[in-house]
Amino acid sequence: MKVWHVIAAPIFLLASGSACANPFNFDQGNGRIVFNGYYTASPKQFNDKGNVVNGADYSQYNAYAVTEYGLTDRLNILVTPSFRSVEVEGSGNNSTGLGYTDLGARYEVAKGDHWVFDVQGLVRIPGTGRDVGVAQIGNKDTQYDMRALAGYTFGKSFVALEGSYRLRSGRPPNEVHADVTLGTRPTDKLLLLASVYNTFSDGKGSARPIDNGDGTSFSYDYKYRYHDAFLSAVYSLNSRVAVQVGGTGTIGGRNALRQRGGLIGLWYTF
Numbered sequence: 001m002k003v004w005h006v007i008a009a010p011i012f013l014l015a016s017g018s019a020c021a022n023p024f025n026f027d028q029g030n031g032r033i034v035f036n037g038y039y040t041a042s043p044k045q046f047n048d049k050g051n052v053v054n055g056a057d058y059s060q061y062n063a064y065a066v067t068e069y070g071l072t073d074r075l076n077i078l079v080t081p082s083f084r085s086v087e088v089e090g091s092g093n094n095s096t097g098l099g100y101t102d103l104g105a106r107y108e109v110a111k112g113d114h115w116v117f118d119v120q121g122l123v124r125i126p127g128t129g130r131d132v133g134v135a136q137i138g139n140k141d142t143q144y145d146m147r148a149l150a151g152y153t154f155g156k157s158f159v160a161l162e163g164s165y166r167l168r169s170g171r172p173p174n175e176v177h178a179d180v181t182l183g184t185r186p187t188d189k190l191l192l193l194a195s196v197y198n199t200f201s202d203g204k205g206s207a208r209p210i211d212n213g214d215g216t217s218f219s220y221d222y223k224y225r226y227h228d229a230f231l232s233a234v235y236s237l238n239s240r241v242a243v244q245v246g247g248t249g250t251i252g253g254r255n256a257l258r259q260r261g262g263l264i265g266l267w268y269t270f
C-alpha cells in the first residue's frame, strides 16, 4: 500500500460542485491538506439539445482547503471548507462568500497488491448561496453524497474510478456522478493527472418558479448533464510540499455552462 502513496499521493482534482474523492487512503496518523483555487469563465452555454449557444457571461472564483486524515489504516476522515465568488455580467446579482463545506469519511472495504475498493459518505453544507437556473452555480441546498471508489496501480501509473448518487434537499433534482482519473509519474518529482467528472441530473426538479432577484424567475424543471475535464501537473518540492498547476474545461453538456479556466494548488502532507 505504501507504493500507492508514492504514486498517487496528490490525486485530488477540482470539479465545480463535485465532492472530491480519492480511493487511496492514508495510514493511521498521516494525512494531507491541499489548498486549491481555480477560475472559470462561461460566455457560452449548452442548450437543451446539447448545442453550444451564447448566454449570460458567468465567471467563478473557487478556493478549497481539502483535508484528509487517517483515523485508522482503513478509515480516513474528510473535511473540505470552500470559498467562492460568482459574477454574472450585467445582472447586478453577484455573490461572494463561503461555498460548500464537505464533512465525511472514506472506508477501505478491500484491497490487493495493485487494487483497492472503498466506500465514502459526505454531507455537503451550503454557505453563501444563490438561486440560478444553471446546473453548476446554484448552491443553496444541503447535499448527501454516497460514493464507491476503486483504484488500480500499474508501474508508476494509476487509474481511479468513482460512482456516486447525490441527494439534494429542496427543489433541485438529485444527481448521478461518474468520474475517472488517470495519473502517471514520468519522474520521481513530477505527477501528471487527467480527470473527467460526469454529472447527470436524476430527472427534473420542482417546477415552482423562483425569484432570481433581478425581476426574472426560473425553475429547476429541466434535465441537465455536464462533463468537466481537468489536466494538471503536480511537482514535489520535497517529501511534504508540492505545487500544482493546470487547466479545466467543460467538454460537453445539456442545460449547463461551457466553462474554461485554470487552477493552482499547494499540497502539504503530514
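Everything in the sequence shown is counted per our numbering, starting at 1 for the first residue and increasing by one.
Where is the CB? At the ideal position from N, CA and C, for every residue including glycine.
- Under the DSSP assignment, T67 falls in the beta strand (DSSP E) whose first and last residues are 52-70.
- Taking all protein chains shown into account, D188 has fewer than 16 neighbouring C-beta atoms within 10 Å of its C-beta and is therefore exposed.
- Of all C-beta pairs linking the stretch 177-196 to the stretch 139-159, three or more are shorter than 8 Å, placing the two stretches in contact.
- Taken atom to atom, the span from the alpha-carbon of A242 to that of E87 is near 31 Å.
- It is roughly 9 Å from the alpha-carbon of R166 to the alpha-carbon of P173.
- For the 7 Å CB-CB criterion, V116 and P23 form a contact.
- Counting every other CB atom within 10 Å of its CB across the protein chains shown gives D118 a total of 16 or more, marking it as buried.
- Assignment of T248 by DSSP, reduced to helix, strand and coil, places it in the strand class.
- Contact annotation: the stretch 63-70 does not touch the stretch 233-240, with fewer than three C-beta pairs closer than 8 Å.
- Counting the other CB atoms within 10 Å of its CB gives N36 a total of 16 or more, which places it among the buried residues.
- In the same chain as A233, and ignoring 5 residues on each side of it, the C-beta atoms closer than 8 Å to its own belong to L190, L191, L192, L193, Q244, V245, G246, in chain order.
- Between E89 and Q60, the alpha-carbon positions lie close to 12 Å from each other.
- Of the other Cβ atoms in all chains shown, 16 or more fall within 10 Å of the Cβ of L257; this residue is therefore buried.
- Residues Q28 of the same chain have their beta carbon placed closer than 6 Å to that of T72, with the five preceding and five following residues left out of the count.
- When DSSP reads this structure, S236 sits in a beta bridge with A242.
- Distance from the CA of L161 to the CA of K223, rounded to the nearest whole angstrom, comes to 24 Å.
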